[in-house]
Amino acid sequence: MIIRRACLSDESSIHAVLVESYFEFAARIGSDNWTTMRSRLEKAAEYAGLETFYLAEIKVHLVGLISYAAPFKGTTPRIPEDWASIRFLGVLPSAQGQGIGRLLTEQCIVNAREDRAKSIGLFTSEAMIAAQKLYTNLGFCRVSEIDSHFGLRYWLYKLDL
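Read in order, the letters of the sequence shown correspond to residues 31 to 191 in our numbering.
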C-alpha cells in the first residue's frame with residue numbers, strides 16, 4: 031500500500047470512494063439526509079485548494095482517503111483556526127479493518143507536527159463507531175458536542191501535539 035497526495039485527476043475517484051465509504055450510514059440517517067450528505071461528499075474535492083487530500087492505494091486502486099488542513103488554512107467551522115484539522119476520512123468497505131484509516135490519520139498527525147500546530151481537530155458522529163475508536167486509540171479526546179447533522183449527534187475531537 032502507498033499513501034500519496036491527491037492531484038486534480040483524482041477528483042472523480044475521491045468522490046466515488048467517499049460516497050461508497052459513507053453509504054453504510056444511509057439507512058440510519060434516512061433518504062433525505064443521505065441525499066444531502068452524498069451531495070456534500072461529492073463536492074469534497076472542491077476544498078483541494080485549501081486542504082491536502084491523501085490517498086491510500088493498493089495495487090494502484092484507491093481504497094481510502096483523508097483531507098488535512100494546516101493551522102489557519104482550514105475551512106471547518108468550530109475548529110479553532112490555530113489547530114490543524116482533518117476530515118473526510120473514508121475507506122472502502124472492502125478495505126476496512128486493514129489499518130488504512132489509521133495510516134491516513136497518522137499521516138495528518140505528522141503533517142500537523144511539521145506545521146507546528148498545537149493541536150489537531152476533527153468531527154465525528156455517533157454512527158461512526160469505528161472512527162471514534164480509531165481516534166481514541168490515537169490519543170484524541172472528545173472535547174464537546176456540536177450541532178447535530180443528518181439527524182446524528184456529532185462531537186469535536188482534539189489531539190494535543
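Where a beta carbon is used, it is the ideal one built from N, C-alpha and C, also for glycine.
Predicted, not measured: the structure shown is a model, and the values here were computed from it.
Quick one: does the C-beta of residue i sit closer than 7 Å to a heavy atom of the ligand MG?
| i | result |
| --- | --- |
| Arg132 | Absent from the structure shown: the ligand MG. Ligands present: none. |
For residue i, report the span of its alpha helix (DSSP H) as first-last.
| i | result |
| --- | --- |
| Leu134 | 130-144 |
| Ile59 | 56-59 |
| Val47 | 41-52 |
Just list the residues that DSSP pairs residue i with in beta bridges.
| i | result |
| --- | --- |
| Ser155 | Tyr184 |
| Thr82 | Tyr98 |
| Arg68 | None, per the DSSP bridge assignment. |
| Gly127 | Looking at the DSSP assignment, Gly127 forms no beta bridge with any residue, so it has no partner. |
| Val121 | Gly94 |
Assign residue i to one of two classes, buried (16 or more other C-beta atoms within 10 Å of its C-beta) or exposed (fewer than that).
| i | result |
| --- | --- |
| Cys138 | buried |
| Ile32 | exposed |
| Val93 | buried |
| Gly169 | exposed |
| Gly60 | exposed |
| Thr166 | exposed |
| Val90 | exposed |
Which same chain residues end up closer than 8 Å to residue i when comparing Cβ atoms and leaving out the 5 residues on each side of it in sequence?
| i | result |
| --- | --- |
| Leu164 | Gly131, Arg132, Thr135 |
| Glu72 | His45, Leu48, Val49 |
| Gln126 | Ala160 |
| Tyr184 | Phe153, Thr154, Ser155, Glu156, Glu175, Ile176, Asp177, Ser178 |
For the beta strand (DSSP E) that contains residue i, what are its first and last residues?
| i | result |
| --- | --- |
| Glu111 | Segment: none, Glu111 is in no beta strand (DSSP E) and carries neither H nor E. |
| Cys171 | 171-179 |
Within its chain, find whatever has a CB closer than 7 Å to the CB of residue i; leave out the 5 residues flanking it on each side and keep chain order.
| i | result |
| --- | --- |
| Leu191 | Ala142, Arg143, Ala147, Lys148, Ser149, Ile150 |
| Ser172 | At residue 172 the sequence reads Arg, which differs from the Ser that was named. Contacts found: Trp185, Tyr187. |
| Arg108 | Ile176, Leu186 |
| Leu119 | Ile96, Gly131, Leu134, Thr135, Ala161 |
For residue i, which residues of its own chain have a beta-carbon under 6 Å away from its beta-carbon, when the five flanking residues on both sides are left out?
| i | result |
| --- | --- |
| Gly104 | Ser115 |
| Ala36 | Phe83, Leu85 |
| Ser43 | Leu92 |
Could you round the C-beta distance between residue i and residue j to whole angstroms and report it? I think they count as a contact, below 8 Å.
| i | j | result |
| --- | --- | --- |
| Glu76 | Ala99 | Actually they are not in contact, since the Cβ atoms of Glu76 and Ala99 sit about 13 Å apart, beyond 8 Å. |
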